[in-house]
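In my numbering, the protein residues as written are 134 to 839. The C-beta atom is built at its ideal place from N, Cα and C for all residues, glycine as well. None of the values given here were measured: they were computed from a predicted structure. Taking it in order: structure first as structure tokens, then the write-up.
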Amino acid sequence: MNYRGTFSSENIEKAISNVYNFADQVTPERQTCIRVKLIMDELLLTCRDAMGETAAFTITLTYRQGDIRIILETEGDEFDPMQNASPLLLRLLQDTAVESVWSRSKGINTTKLVVPVCNTLKKNLKLSWKYTEGQRGTFVLAVLSQLVGIGLKIAIPVLSAQVIVNLEAGIFEELLLLAAVLFVVLVVTDLAAFISNRSYNKVYNRTLSNLEKDLVNGILKITNGCVDEKGAGLFIQRLTVDTNTLAIGLDTLADLTSQIFNYLGILAAILLVCPPIFMIVLALLTIQSFIEIKRANKMKKDDRIYREANESFTGFVAEMVNGSRDVKLLHNEDNFRSELENRIDDANNKRMYMQNRGWKYRMARLEIGEAGYFMFIVILALLTKAEQIDSAQAIILFTYYTQLGSPAVLLLGQFLEFIKGFNLSAERVYALLENTEFPKESFGTRHLDEIKGAFRFENVSFAYKNANPLVRPHMVLKQLNMEIPAGQMTAIVGRSGSGKTTVFNLMSMLYKASSGVVFLDGENIRELDRETIRSNIAVVSQNPYIFHLSIRDNLKIVKPDMTEEEMHRACRMACIDEEICNMEEGYDTLIGEGGANLSGGQRQRLAIARNFLRDFRVLLMDEATSALDNITQSKIQETLSNLRKTHTIIIIAHRLSTILDADKIIYLDDGKVLDEGTHQEMMQRCAPYRELYSSEIHAMEMSDHI
Ligand code: ADP
């Protein structure tokens with residue numbers, strides 16, 4: 134691609150749009166397209182600022198060996214844009230690993246950039262090949278047997294034509310022999326097809342399960358911030374739909390390539406039998422192929438737009454199903470329905486547009502094919518009449534043409550569509566596996582065999598990542614300093630939204646501090662490994678997620694080798710054993726999705742029991758008993774009192790009455806510690822704490838009164 138103009142705003146805009154379109158043609162990776170566009174944008178603006186709007190520039194873009202090569206030539210004074218690059222441009226060049234070279238000759242500045250394209254077909258196929266491990270022998274067998282079948286298929290029309298000619302001539306001995314040969318050829322062809330299909334199927338299924346396992350593993354490692362931001366639909370769609378396209382990719386490619394060999398074989402056979410017919414067939418195929426390529430290119434863009442709309446629709450469905458109880462109770466079905474309908478319509482309209490456009494191109498190709506068929510028959514008749522070919526040759530050519538014509542062009546379309554779909558799916562699956570768009574949780578390497586559970590926050594600030602980068606993130610924790618001693622019970626209190634849960638999120642490394650350091654037993658928590666943190670720290674939240682499994686399996690998921698005794702003990706400690714035993718199916722009771730058939734209190738206690746099966750040192754309870762009645766609450770407090778002798782317990786409590794005997798109470802206000810001490814100290818010193826406590830006493834008196 135070439136673009137020439139001066140540095141006027143209009144020309145720059147046009148040049149950038151051309152650059153983006155070029156990148157879009159050569160790579161399905163949208164991130165790369167956007168990066169190339171941004172690089173060009175920054176580069177041209179840097180040059181314009183230095184050289185003025187009237188200076189002329191030329192951009193030449195080529196795509197070679199997986200790289201986009203950009204040459205920017207500017208006329209005028211000596212100017213190296215790389216020496217004057219903005220911080221953004223430098224970062225873009227660095228992130229994208231762009232090579233850049235500047236030179237000057239004959240009054241022209243030349244800047245050459247080489248942008249590596251991340252996911253080309255070759256790279257994607259290489260990655261998919263990785264997942265065929267253990268099945269490569271089967272894959273080779275599939276390809277070989279398919280090639281054998283194709284070779285034999287090309288011979289069939291020659292034999293069939295001979296049969297017809299012999300029938301006409303009445304040469305019966307030869308006919309019998311031909312029939313036998315034809316029979317053997319057909320049986321071997323079927324056998325080859327059977328072996329290749331079975332082998333491809335085996336490769337596909339194994340590849341799919343390898344890929345799905347790896348992807349599930351990858352999804353589990355993605356940071357919480359990223360999962361919150363992207364929503365469940367995206368992950369479900371990629372795990373179920375895109376892995377399938379990828380897994381079948383190698384098989385499809387091998388299958389399509391073999392078929393291409395088939396058509397090339399037929400073309401060669403036509404050339405041998407009759408060169409003029411070969412020329413005509415070739416011309417027809419070229420025209421039809423041209424239309425097909427155009428169609429595939431248009432569909433590539435439409436398909437991406439459609440898939441994005443579909444992802445937004447499935448994401449919303451997942452939200453609606455998960456929150457269906459709340460949707461009903463909020464009497465909000467109409468709003469949800471209309472939002473869902475909008476998204477359904479949007480996705481469907483985009484699909485319909487894509488299909489309609491596809492059909493227009495198909496129609497044009499089909500009609501050229503029909504005209505070609507008519508022409509072919511006329512020419513065949515003329516050649517036969519002029520005795521240029523005999524009847525056997527005419528039959529062979531006719532059979533070949535019917536095998537070749539439309540199916541070959543369709544194959545080309547399928548091939549292009551396959552590449553497009555395969556690359557799109559690869560882009561989406563590998564984005565999940567690689568670190569770029571979906572950051573993975575990262576831990577340090579330091580392992581502590583045993584931890585005590587002393588936390589220290591030193592100037593810790595934190596903001597949740599905003600989905601909209603233009604909105605300034607809201608600082609939830611602001612230079613927070615606090616100490617939580619090991620082997621004691623500490624309570625964190627404060628008004629809603631003051632950052633209590635966020636503190637827990639940082640302690641359990643679900644999120645990392647934006648600045649400052651969280652220390653665990655004197656070690657920077659970022660340097661500790663996953664095992665040290667996750668195996669020692671147990672977190673029970675206010676709304677724990679209970680899995681759609683039996684009660685026993687919910688517990689087993691935490692400790693697969695638990696004994697019956699361990700199970701009962703954990704549930705006794707959480708004061709729920711008796712209730713479970715009284716259920717009709719006891720521990721085998723199936724829990725509805727999201728814990729639907731359990732009360733809030735039962736859900737909380739089951740979540741507590743789940744943690745008592747683990748050998749933790751630190752227990753973080755985030756309003757974990759808020760749904761319990763006073764009697765059950767005090768029983769759980771008894772359990773916690775026993776635990777506090779050997780464990781560090783940190784409680785976020787809404788009901789202050791539950792933490793009166795805590796060793797230390799920390800009052801958090803707007804992301805900072807307002808005060809800390811025992812209940813008595815806080816009552817004396819901290820007015821907001823006193824207020825909170827008296828409002829609770831007042832509420833209790835009111836409810837007693839009622
Ligand atoms: P508390 O536990 O004291 O009620 P939180 O720590 O839950 O407070 O929340 C503090 C602030 O952080 C609130 O303004 C809340 O809206 C915001 N917040 C909490 N979780 C997220 C999240 N996952 N993404 C964005 N903002 C969040």
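- Contact between Ala-480 and Ala-442 is confirmed by a C-beta separation of about 4 Å, below the 8 Å threshold.
- Per DSSP, reduced to three states, the secondary structure at Ser-332 is helical.
- Closest in alpha carbon position to Thr-187, among Glu-143, Asp-213, Asn-338, Gln-227, is Glu-143.
- Relative to the ligand ADP, the nearest heavy atom lies less than 8 Å away from the CB of Lys-633.
- Of Glu-206, Asp-796, Leu-661, the smallest CA-CA separation from Arg-237 is found for Glu-206.
- In the structure shown, the three-state DSSP call for Leu-463 is coil.
- Rounded to the nearest whole angstrom, the CA to CA distance from Gly-282 to Phe-548 is 20 Å.
- Taking the CA atoms as reference points, Phe-449 sits about 7 Å from Gly-366.
- Secondary structure at Val-691: coil, using DSSP grouped into helix, strand and coil.
- Straight-line spacing of the CA atoms in Leu-473 and Cys-359 works out to 24 Å.
- Only residues of its own chain outside the window of five on either side were considered, and among them Leu-557 have a CB closer than 7 Å to the CB of Arg-437, listed in chain order.
- With a cut-off of 8 Å, the C-beta of Arg-458 is classified as distant from the ligand ADP, since no heavy atom of the ligand falls inside that distance.
- In this structure, Tyr-720 lies away from Met-695, with their beta-carbon atoms at least 9 Å apart.
- The C-alpha of Leu-825 lies about 41 Å from the C-alpha of Arg-579.
- Distances from the CA of Tyr-597 to each of Asn-638, Glu-567, Leu-565 were compared; the closest alpha carbon is that of Asn-638.
- With the rule of 3 Cβ pairs closer than 8 Å, the region 426-436 does not count as touching the region 519-539.
- Straight across, the Cα-Cα distance linking Phe-368 with Phe-155 is about 30 Å.
- Taking Met-622 as reference, the option from Phe-749, Val-321, Asp-794, Ala-742 with the minimal CA-CA separation is Asp-794.
- Ile-785 has its CB nearer than 8 Å to a heavy atom of the ligand ADP.
- Rounded to the nearest whole angstrom, the C-alpha separation of Leu-194 and Ile-204 is 7 Å.
- In the structure shown, Thr-207 adopts extended strand secondary structure according to DSSP, grouped into three states.
- Taken through DSSP and simplified to helix, strand or coil, Asn-744 comes out as helix.
- According to DSSP, residue pairing for Ala-795 in a beta bridge does not occur.
- A straight line joining the alpha-carbon of Gly-138 with that of Val-248 spans about 23 Å.
- Closest option to Thr-811, judged by alpha-carbon separation, among Gly-502, Lys-778, Phe-446, Ala-624: Ala-624.
- Contact between the region 668-684 and the region 734-752 is present: 3 or more CB-CB pairs across the two stretches fall below 8 Å.
- Counting along the chain, Ile-289 sits inside the alpha helix (DSSP H) bounded by residues 269-302.
- Between the ligand ADP and Leu-789, a heavy atom-to-CB distance of less than 8 Å is absent.
- Ranked by Cα distance from Tyr-534, the first of Asn-395, Glu-717, Arg-440, Pro-693 is Asn-395.
- Taking all protein chains in view, the Cβ of Ser-575 is surrounded by fewer than 16 other Cβ atoms within 10 Å, so the residue is classified as exposed.
- Taking the Cα positions, Glu-362 is about 10 Å away from Phe-571.
- The continuous stretches of beta strand (DSSP E) do not include Ala-519, and DSSP gives it neither H nor E.
- Of the candidates Leu-463, Met-615, Ile-658, Lys-427, the residue whose Cα lies closest to the Cα of Glu-550 is Lys-427.
- Counting C-beta atoms within 10 angstroms of its own C-beta, Leu-397 has fewer than 16 neighbours from the protein chains shown and is therefore classed as exposed.
- Nearest in C-alpha terms to Arg-743, of all of Leu-285, Leu-176, Ile-192, Pro-677, is Pro-677.
- For the pair Ile-769 and Ala-707, the CB atoms are nearer than the 9 Å cut-off.
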